[in-house]
Every structure is written in C-alpha cells, then in structure tokens.
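First comes the structure, then the notes that go with it.
2 protein chains.
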Amino acid sequence: MNHPAYQKLVDLSNELKLLSDAAGLLSWDQEVNMAKKGVGYRARQMAWFSGEYHARFTAPEVGDWISECEENVGDLDPESDSAANLREWRHGYDRETKLPADLVTEFARVRSLAHESWAEAREKSEFTHFAPDLEKLIGLCKQQAECWGYEDKLYDALLDKYERGSTTAEITAVFADLKKELVPLVEEACSQEPFDPVKVGADYSIEKQQAFNREVAEAVGFDFEAGRIDTAVHPFCTGLGPLDTRLTTRYMKSDFRSSLYGVLHETGHGLYDQGLREEDYGLPIGDAVSLGVHESQSRLWENQVGRSPEFWDRWLPKAAEYFPNLAELSVEEMTRACNQAERSFIRVEADEVTYDLHIMLRFEMESAIFNDELPVAEIPAEWNRRFKESFGLEVDNDSNGCLQDIHWSMGGFGYFPTYSLGNLNASHLFKAAKSQDSEIETGLANGNYTPLLQWMRTRIHEPGSRFLPKDLVERAAGSPVTADAHLAHLRSRYLFG
Amino acid sequence: MNHPAYQKLVDLSNELKLLSDAAGLLSWDQEVNMAKKGVGYRARQMAWFSGEYHARFTAPEVGDWISECEENVGDLDPESDSAANLREWRHGYDRETKLPADLVTEFARVRSLAHESWAEAREKSEFTHFAPDLEKLIGLCKQQAECWGYEDKLYDALLDKYERGSTTAEITAVFADLKKELVPLVEEACSQEPFDPVKVGADYSIEKQQAFNREVAEAVGFDFEAGRIDTAVHPFCTGLGPLDTRLTTRYMKSDFRSSLYGVLHETGHGLYDQGLREEDYGLPIGDAVSLGVHESQSRLWENQVGRSPEFWDRWLPKAAEYFPNLAELSVEEMTRACNQAERSFIRVEADEVTYDLHIMLRFEMESAIFNDELPVAEIPAEWNRRFKESFGLEVDNDSNGCLQDIHWSMGGFGYFPTYSLGNLNASHLFKAAKSQDSEIETGLANGNYTPLLQWMRTRIHEPGSRFLPKDLVERAAGSPVTADAHLAHLRSRYLFG
Chain A
-16 MNHPAYQKLV
-6 DLSNELKLLS
4 DAAGLLSWDQ
14 EVNMAKKGVG
24 YRARQMAWFS
34 GEYHARFTAP
44 EVGDWISECE
54 ENVGDLDPES
64 DSAANLREWR
74 HGYDRETKLP
84 ADLVTEFARV
94 RSLAHESWAE
104 AREKSEFTHF
114 APDLEKLIGL
124 CKQQAECWGY
134 EDKLYDALLD
144 KYERGSTTAE
154 ITAVFADLKK
164 ELVPLVEEAC
174 SQEPFDPVKV
184 GADYSIEKQQ
194 AFNREVAEAV
204 GFDFEAGRID
214 TAVHPFCTGL
224 GPLDTRLTTR
234 YMKSDFRSSL
244 YGVLHETGHG
254 LYDQGLREED
264 YGLPIGDAVS
274 LGVHESQSRL
284 WENQVGRSPE
294 FWDRWLPKAA
304 EYFPNLAELS
314 VEEMTRACNQ
324 AERSFIRVEA
334 DEVTYDLHIM
344 LRFEMESAIF
354 NDELPVAEIP
364 AEWNRRFKES
374 FGLEVDNDSN
384 GCLQDIHWSM
394 GGFGYFPTYS
404 LGNLNASHLF
414 KAAKSQDSEI
424 ETGLANGNYT
434 PLLQWMRTRI
444 HEPGSRFLPK
454 DLVERAAGSP
464 VTADAHLAHL
474 RSRYLFG
Chain B
-16 MNHPAYQKLV
-6 DLSNELKLLS
4 DAAGLLSWDQ
14 EVNMAKKGVG
24 YRARQMAWFS
34 GEYHARFTAP
44 EVGDWISECE
54 ENVGDLDPES
64 DSAANLREWR
74 HGYDRETKLP
84 ADLVTEFARV
94 RSLAHESWAE
104 AREKSEFTHF
114 APDLEKLIGL
124 CKQQAECWGY
134 EDKLYDALLD
144 KYERGSTTAE
154 ITAVFADLKK
164 ELVPLVEEAC
174 SQEPFDPVKV
184 GADYSIEKQQ
194 AFNREVAEAV
204 GFDFEAGRID
214 TAVHPFCTGL
224 GPLDTRLTTR
234 YMKSDFRSSL
244 YGVLHETGHG
254 LYDQGLREED
264 YGLPIGDAVS
274 LGVHESQSRL
284 WENQVGRSPE
294 FWDRWLPKAA
304 EYFPNLAELS
314 VEEMTRACNQ
324 AERSFIRVEA
334 DEVTYDLHIM
344 LRFEMESAIF
354 NDELPVAEIP
364 AEWNRRFKES
374 FGLEVDNDSN
384 GCLQDIHWSM
394 GGFGYFPTYS
404 LGNLNASHLF
414 KAAKSQDSEI
424 ETGLANGNYT
434 PLLQWMRTRI
444 HEPGSRFLPK
454 DLVERAAGSP
464 VTADAHLAHL
474 RSRYLFG
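The structure is reproduced here in structure tokens:
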C-alpha cells in the first residue's frame, strides 16, 4: 500500500518493536543474570516501557492513520502484506483503546494484589484467601470482554486475546472429540508396565548436558550465531531481534532428560522465531501468529521428533559418549524412558498423554465461570469433582488442585487452551508434512532435519501473521485441525502392547 | 527547591536515567552475551535510544524549566542538592543544545568513517590512510569547542567534556611536576633486576581464577547481591541501576594476575557506583562526578591496595590454596611479581610507573594540535620524537605509535588526561585517608577493607556530583591534588633498592 498513512504505521510499528525488544532484554536479563537487589528498579523500568508503548500505540493520530488506510484500500488484495498488517494493527489498536483508562488501572492494581494473595493461598492451600481477589479479576475480565465485544460467548473475547479468532464453540467441539478417546487412552497408557528409572539414573555433569543439548539443538537447525542458550529457573524462549533468539533451560544433575527436552521444546520456539522473515521484522506479517501455533512448533521438536524411536536410534550412541551409563540401554528402552504416562496432580509436571486432560479441565472451568454457571466459592469442589472424573484421583489439597497455576492470579483467563491447541496442531502438521513430503521421514531416520524444518519454514514460519492461526494451519496441512492425528500419535507412543 | 519547574526537571532526570540504563543494558549485553548476527539490529536500537534521549533532554521546555529555576533560586544555598542539580542540568543542557544540528550529524558521520579508516590504517600501519578523517575530526572538534565556549584555550572546552572544570593550564602544571621526576624514576625502575616470570607461570583454571577473584572482590566490599562479574573481551564496569553494577574481566590461562587485577580495577569502579546515594539515583547529585575521580577509585583498589605487600601478606596463602604453585613464593616475591616496570610501546599494556608517560605524550600532542602548533601530517614524526625523548625507544611503526589508540578515531580529544588524573587522585586520596584515619592502615594489614572503603564512601562516593571534581578531591584530602603523593607511591613500589 502506497498511502502516506500506511508508511507512518510501518515506521511506528518498527519503532514499537525496537522498544518492546529492549523491554524484552530487561526481562530476559532479570531471569538469567540480574542480582536480586536489582529487582525494584527493574520493575520501574519495565513499567515505564509498557506505559511508553501503550501511549505511542494508542495516540489518536494512530487511529486516524488506520482509518485513512482503511478508507483507501480500494482493490487491495486481502491476502497482501498491507492488508494483513492493516487487519492486525486495527485489531491491536481496538484492543488497546477500547478499554477505559480506569479499567486498565484497576486491572493492574487488582492483578498485583491477586498475585500476592494467590501465592500466599497456594502456600497455605487456602482457597478462601485468594477467592475475593479472584472474584474481582473475573469481574474485571468480564468488563474487558464487554468492551472488546464478542459474537457468541463472552469468554470468546478472552480466548481471542491469546489465540486470534478462536471461539468457545470451536474449542469445545475439538476438545470433545479429544476427550472421548483420551480418557480410555490415559487409562491404558498408565497401566503399561513402567520403565525401570534406575537404568537412566546417574550423576550427569551439567557441562556435558550443555554440550549434548547444544549438539542436538544445532542438528535440528538452531542458529547459534543468531541466538544462545542460558540457564534460568523457568525454561523459556524470547526473541530480542530478528537475529537474536534466546533460549533458557534448567538442569537436574540426576536426569539429563529434563534439560534435553527443555532445550528441544524451547528450540522449537526458537526455530519459529528464526524462521520469520527478517525483512518484515517489526510488522505483523513478520511476527509469530499465535500462542497455539508457537506451541505447535515447540511440541513438534520436543515430542514428535525428540521422543521418537528414530531420534534415539540416531542420538543414543552420541548420548552414550557423553553419558557412558546410557550405553547399556537399547533404543527401545531409551524411547520408552522418554514416553511414560502417569496420572498426577500438577499440570506442569504432566507427560504428553495426560497433559491435555489438565487443560480441558481448566477450559471447562473457565467456560462455566464466564457463562455465570460456576460461582467462585464453588471452584475448589468443582475442580476436585472434575479431576476425579478425568483422572480418577482425589485432590488432597487446593495447592495440588485449583491453586496450582499462576494464570488466574494474573487475570489470564483464556490462555490455557493454547497449550492443547499447540499439541493438536503439532500432530496435525507433522502428519500432513510427512504425507506431503516423503523426504521428511527419510530425513528423520537419518538425522537430517532439514526437510521437516523447511516444510515448517515455508508453511508456518514465513507467513508470520498473514493469516489467522486456524487458517494458517488449515492452509499448511490441507485440512482443519482435529484431534485425530494427535490421538494416533499418542497411541503409537504410549501403548507398548 | 520547591518550584514546580524544579520538580519537572527531577522527573525528567529520573526518566532519562531509566532510558539510558536500558541502553546501558543493550550495550552490556552486546559485549557479554549477544551472538554475532544480532549486531545490526542492536546498533539500530542503540541509535534509537540516543536519539530519544537527546530529543527529550533538549526539548525547548526543558531550557525554560532550567531558566525558571535559575530566576527563582533566591537565597538557595549554593551547596544544596537543588543548586548542584541545577548547575549540572544547565551545563548538560547547554552542551547538548549549543551545537547546531548539522554539526552533530556531520560529527556522527565522520566519526563512523574515521573509525573504519583508523582500523584499516592501524592494521596496515599506514597513517596517511587515517589522516584525512583525523583532519576532519579535529576541525569538527574545534567547531564544537567554539560552540561550547572557553576562557583560555580552545582545548579547555574539550577537556571539560571529560573532566568537568579541568583546564590546559592546570593539567600542564601538574603534569610538569610529575614528568620532571617520573623520567628518572622510570629509568631507575626499569633497571631493577626483573623478577623471574617462570615462578608465577602455570596453567590456571578459569573456574579457580573466578572463585579467587570473587573472594577478593567480596572482601574489599563489592556487593554481589547488587551486581555480578562476567567475561568480556574488554574489562569494564557499567551501572544498570542503583543496585545493579556489572563488572567484566578476561582470563589468561597462563597468568592469574591478568584477571585478578582486571577484577580489582573494575571492582574499584563498582564500589564507587555502589556507594552513590540510592535515594538520589537519577539526579546529578546521585551520579559519579567525573572520569578522573572514577579512575581514582579503580586505580586505588587495583594498585594502592591490590599490589601492596600487605595485600599479598593477607592473600598469598588463600591464592596458594587455589593455585598450589604459588606456595613456593614469598610475599616479597609475589609483590615484586605484581610491580614490574618495563618500557613498552603500547599504553594499555603499560605498568603503573611508565603509564603516565604515555598519557603525558598524548596530552602534549593534543594541546599542540588544538593550539594549531602541530599539523596532522606531522603527527607521526612528532609522536616518535617525543616517544624517544620520554622512553628512549625508537617507534618501529605507527601501529605501535600514534595509531594505537581508538580515542582519536572517535573524536575523543581531551579524554586521555583523565587516566593520569585518576592515578594522581588515587595516590593523593590514599595518602590523605591514611593520615586522617589510623584504622585504615591497620585494616589493610589485617584484611579489613571497611575503614578505607568507608572513608571513600563518605568523602567521594556519597557526594555524587555535588562539587566539581577537583573541589571534591580537595575537600576530601584537605589539599589540592599534586604529583607528590603519586611519585612517593611509585618510588616505594618500584625501587627495590
């Protein structure tokens, strides 16, 4: 698009990206490097950056520029770069400007109180300590949803915040298919004879874990001239520039799998970031499309690739060079050691097969809460009832139940489903990729990850935010995402028969 | 001061500090962490920050606020916080606004060209390749000096940029005293029998060097809860917040002294930063006063403290725990191994006794250049002539002579003297401190560094930029800085008799 207002938006978009990448570095540094006394000043800096970002993006002239462009689209191809950028700027601008200032302030205020009351409630396993703040946050999120607007359910406006275009109806449908098969599958997977953990137990030097992880990350395609891996309490991936992708992981001396799969997961995120088009950096079409698609890339490299027998067929000899105790294991044993199902209370510790049950429970709870069907006071009992139904376990205390996750204390309702969408997308895309290009499977068997990565580059990474997430996945795979591929994937991995 | 304009200046000053600290992190990260492909985008970010800083600080209303305050000072105590802040804001504002925009742009343009032509000239040892850009930079710096104004010499306006209030006349006088005694002292020190380097030669593990250095830094008072030490190509110290001080050093496997004295030097800078008043952070009175005072703190802990016999009496047993080969050395041998004089071409490799000769040569050259007494074409011959005179060595090529330093290629004329001022201030302050408080020497003998640090805290760190640098030093020491204490210090260390 050649309109002067469009150029102004391009410049602003690039400038805002420079600014938010600097804030990204402040945050990365806080997790990875900063000594503890720095925290107060760093928080003030971060607040300054988010205020500055908001003020620049929501300036009245920005709205005028967007409107001017919209009035002058003429016969602009709706799939063109400009049309996609314009669509995303409008969406972001409306999201940021439709909330009245006092709602923004009140939300920030309650969030910070709720974070404290949640942390204390979790420590004491005392839901009532968190309940009043949770009630307020739900009320404020309802107000936000009303400001943003929705077609069907109020909760849709919250879902859309984390996964553009997703709705309660769509997610309910796909989760229903998943759950029907997953419950018996979990039952069967958990009754498999467990693999003797003694066989992988050892004292794994952190330096050797780092060297092995790096070899793996490099082999699957991570560019270490445009990124690095550091140590942090929570594994994460953050992009600080078009050629600057930072991964973190953590290490267990007793189990090399923890850091390896942490790194493979974050490498998947990192490959997505490194695959975005450099020339469009700073614009929506140069940016990752959604959490659910981002998570598909991390899960793909962690699970579909990294926990496969083909992976261990290739990497077990190398792993045994670093960790001689592994030389006693067969490829089959190693694969099994990396694919073990067990029912447990805590989502973040769950294996691949039980994980989605945790998510569906949260999605159903949130749906009910925002449909006014579940009062706050009843959350613990309802959680425990549903947990018993899905997992067959009695929740012993709320810290192992409805108080375990940080998300609600941050007002992050609508976030959880993106994790399972990531799993479903990963399996769906992996299946499509293999059926479209026979070199992918040959490559995986030979430790050549380029065909798979190239497929993702072209179809998922390079389009950036050109399409809505579900459209992107459907275009890439040739069919909309369902639970089928994921269920087949889980069956092939978790049932040893 | 209670005027509304004063409060606006306080808020602006705090905001600019938040911003420049974020830029500081971008720069620190580039030196310490960033992978190489990140460099282009990072440069754009840094440029954005410096543009943003300049624009905010030089906005016309800022000048109005300063003027308003100046008109309303009434009977404000000239030594009050407000008066000092106002004096520094005025000085900074005038410095930033007195240059016409086209001069700023042209200076930045020529600097970046000159950096390249200098690097190439140095590599080829071909001065003529750099001469045209150097000529232009000198011309532009003369224009800058005219814009800023000066009382006596044009060069004073450049000196003032790096050391507030310093003048050619004052520096010439103190350097003349220094040089008269230093030339024979260097002669004598360099004719001492050299200490056999074989005795300290070993293979020093980097992990052990890090652990030993950290113990030393902690013992002299560096707060690791408010800072850290990392590895970088060039050792430096940078403050990223009131409680976030970052040091870097580099390691030689063959010689632990390199990283130890690197760390002690940067720790001295870090102690200054950590000693500034937290409640005044972001304001001139909470900021370090000058390069020459900063350098006095780094030199003090590196040289006066760290290379003393008392230091090694205390630390040799600990060092020998980390590095058993050192157990064979006596305290006297170790001290001698850390105080060896040798004439050499390169300033950054020079020992403490020859160092100031390098600086004085540069100061005299710059004085002559800006006094129109030394045309660019004659710089190499003049450098070599003076070098022969001071060091008794023939410069073999310009890379070992007038092309060795980066400063001129950046237009940094006036910077060099701050290094020697640092040395003189360190000795002057150290002598005064010991004579004022007898516990300081007792402490140093017993490894208790608190009395010395406390003296510096109260008299040098906590005043921030309340006084001009030379006034601060004079108030602290009770007399203005001369070369005497430094010459006495060098004699005691470098003449083994």
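Which chain is which? The protein sequence lines are A and B, in order. Per my numbering, the first sequence runs over residues -16 to 480. Per my numbering, the second sequence runs over residues -16 to 480. Glycine included, C-beta positions come from ideal geometry on N, C-alpha and C. None of these values were measured; they are calculated from a predicted model.
Short CB-CB distance (under 8 Å) between residue i and chain A
i, result
"LYS182 (chain B)", "no"
"ASP263 (chain B)", "no"
"ASP227 (chain B)", "yes"
"PHE205 (chain B)", "no"
"LYS20 (chain B)", "yes"
"GLN28 (chain B)", "yes"
"ARG25 (chain B)", "yes"
"GLY210 (chain B)", "yes"
"TRP31 (chain B)", "yes"
"LEU9 (chain B)", "yes"
"LEU1 (chain B)", "yes"
Among the options, nearest to residue i - alpha-carbon criterion
i, options, result
"GLU349 (chain B)", "B:GLY75, B:TYR398, B:PRO167", "B:TYR398"
"LEU117 (chain A)", "A:LEU386, A:ALA303, A:VAL169, A:ALA6", "A:LEU386"
"GLY75 (chain A)", "A:ALA114, A:GLU457, A:PRO267", "A:PRO267"
"ARG506 (chain B)", "A:ALA66, A:HIS469, A:TYR36, A:LEU(-1)", "The requested residue 506 (chain B) does not occur in the structure, where chain B is confined to residues -16 to 480."
"GLU325 (chain B)", "B:SER(-4), B:LEU168, B:LEU344", "B:LEU168"
"PRO363 (chain B)", "B:ILE49, B:SER108, B:HIS472, B:GLY265", "B:SER108"
"ASP513 (chain B)", "B:LEU243, B:GLY148, B:ALA172, B:VAL199", "Here chain B has residues from -16 to 480 only, and residue 513 (chain B) is not among them."
"GLU260 (chain B)", "B:GLY251, B:ALA271, B:THR250", "Per the sequence presented here, residue 260 (chain B) reads as Arg, with Glu not at that position. Comparing Cα positions, the closest option is B:ALA271."
"LYS191 (chain A)", "A:ALA18, A:MET235, A:SER174, A:ALA159", "A:MET235"
"PHE396 (chain B)", "B:LEU2, B:HIS472, B:CYS124", "B:CYS124"
"GLU198 (chain A)", "A:GLY46, A:LEU247, A:ASP388, A:THR425", "A:LEU247"
"ASP296 (chain A)", "A:THR318, A:ALA416, A:LEU470", "A:THR318"
"LEU69 (chain B)", "B:ARG449, B:LEU226, B:LEU473", "B:ARG449"
"PRO(-13) (chain A)", "A:CYS52, A:LEU312, A:PRO446, A:ASP467", "A:CYS52"
"ASP160 (chain B)", "B:ARG474, B:ASP467, B:SER475", "B:ASP467"
CB contact below 8 Å: residue i versus chain B
i, result
"LYS236 (chain A)", "no"
"LYS191 (chain A)", "no"
"ASN16 (chain A)", "yes"
"ASP4 (chain A)", "yes"
"LEU230 (chain A)", "no"
"ASP12 (chain A)", "yes"
Beta carbon of residue i nearer than 8 Å to that of residue j
i, j, result
"MET(-16) (chain A)", "LEU9 (chain A)", "no"
"GLU146 (chain B)", "LEU340 (chain B)", "no"
"TYR477 (chain B)", "VAL336 (chain B)", "yes"
"LEU254 (chain A)", "TRP284 (chain A)", "yes"
"THR221 (chain B)", "GLY210 (chain B)", "no"
"GLY132 (chain A)", "LYS453 (chain A)", "no"
"ILE329 (chain B)", "PRO400 (chain B)", "no"
"TYR59 (chain A)", "CYS130 (chain A)", "For the record, residue 59 (chain A) in the displayed sequence is Leu; it is not Tyr. No, they are not a contact pair."
"PHE110 (chain B)", "GLU79 (chain B)", "no"
"VAL288 (chain A)", "LEU427 (chain A)", "yes"
"CYS439 (chain B)", "GLN280 (chain B)", "First, the residue type needs correcting, since residue 439 (chain B) is Met and not Cys in the sequence shown. Contact: yes."
"LEU2 (chain A)", "GLU35 (chain A)", "yes"
Nearest-angstrom beta carbon gap, residue j and residue i [assumed within contact, 8 Å]
i, j, result
"GLU14 (chain A)", "THR232 (chain A)", "In fact, because the Cβ distance is near 12 Å, the residues do not count as touching under 8 Å."
"LEU120 (chain B)", "VAL93 (chain B)", "6 Å"
"VAL331 (chain B)", "ASN408 (chain B)", "In fact, because the Cβ distance is near 20 Å, the residues do not count as touching under 8 Å."
Per-residue contacts from residue i into chain E (C-beta, under 7 Å)
i, result
"GLY224 (chain A)", "Chain labels in this structure do not include chain E; the protein chains are A and B."
Length at least 4, wholly inside the segment 72 to 128 of chain A: the alpha helix (DSSP H) runs in chain order = 84 to 107
key: Completely contained alpha helix (DSSP H) runs for the segment 253 to 325 of chain B, where each covers 4 or more residues   = 274 to 282, 292 to 305, 314 to 320
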